[in-house]
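Numbering (the numbering used here), first residue to last: 7 to 279. The structure under discussion appears below in the form of structure tokens.
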């Protein structure tokens, strides 16, 4: 059942919490729909974090479905964010996690981040967000957006820029315009254009990412350009559901401090949204 919080005329003047019948069914329906819409974003954010896009495929669907069943208020939004993906990818990279240990490390830092957020909630530390200014939030979101944009230049154009930092990578990317793969760039431009146009139409705004994914993926499959990388070129998609995986607590010393950073980013961005 879902919980609806309604301010009523109770004798004590407090908020009245009502449990509505049929809430579980409505929550399941909305969770399934939201999970479907989260597939493109989940895979993109997984790649942004430097992990297997398949993890994003499952987390985008499952997390949205579970959140819809367990949260019955419009005051809380459960979704994926690019800032969390960037921060988590940076933490895993700084910890020096190898490719073999990456899946367990990912589950471990997710568990630790959730534990940190739970503790901060129990300590009622949400009031600290009031001290974060609007200018800081604007700069935070803008900085994250720029990092995402620069980080995806290689996938956008088919040319992987090199450099000691993001600025030199951007300069190298612009200087080697002739090395861009025309077909890959065209696919990226068309995808972005479809999303932007559909977001301008109220009826299709919510479905823009899904429609763009389906249309462009179908076009790439039918035409079959060899230079355009697809998901199977990056990671193998299994034919069955993944088995449950427990966190590797031996990695806690390497990921504990980073999990606090991820939790703070998630909570601050959530408050800003």
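Glycine is no exception: its CB is placed at the ideal position from the N, C-alpha and C atoms.
Close beta carbons around residue i, own chain, < 8 Å, minus the five adjacent residues each side
i: residue 233; result: 164, 187, 189, 190
i: residue 254; result: 107, 110, 111, 113, 114
i: residue 201; result: 214, 215, 218
i: residue 211; result: 204, 205
i: residue 75; result: 8, 30, 33, 34, 37
i: residue 123; result: 269, 272, 273
Residue i in three-state terms, based on DSSP
i: residue 186; result: coil
i: residue 175; result: helix
i: residue 70; result: helix
i: residue 284; result: Residue 284 falls outside the range modelled here, since the chain spans only 7 to 279, and no answer is possible.
i: residue 77; result: coil
i: residue 146; result: helix
i: residue 118; result: helix
i: residue 11; result: Any answer about residue 11 is weak, because its pLDDT of 38 lies below 50 and its placement is not dependable; what the coordinates show is given next. It is a strand residue.
i: residue 32; result: helix
i: residue 40; result: helix
i: residue 110; result: helix
i: residue 164; result: coil
i: residue 256; result: helix
Status (buried if at least 16 other CB within 10 Å, exposed otherwise) for residue i
i: residue 67; result: buried
i: residue 180; result: exposed
i: residue 33; result: buried
i: residue 167; result: buried
i: residue 170; result: exposed
i: residue 71; result: buried
i: residue 230; result: exposed
i: residue 295; result: The structure shown does not extend to residue 295, since the chain is modelled only from 7 to 279, so the question has no answer here.
i: residue 251; result: exposed
Residues near residue i by beta carbon distance below 6 Å, same chain, minus five either side
i: residue 257; result: 111, 114
i: residue 176; result: 156
i: residue 65; result: 48
- Message: When you compare the region 94–111 with the region 55–75, are there three or more beta-carbon pairs, one atom per stretch, that lie closer than 8 Å?
- Response: yes
- Query: Between the region 209–229 and the region 38–55, do at least 3 Cβ pairs fall closer than 8 Å?
  - Reply: yes
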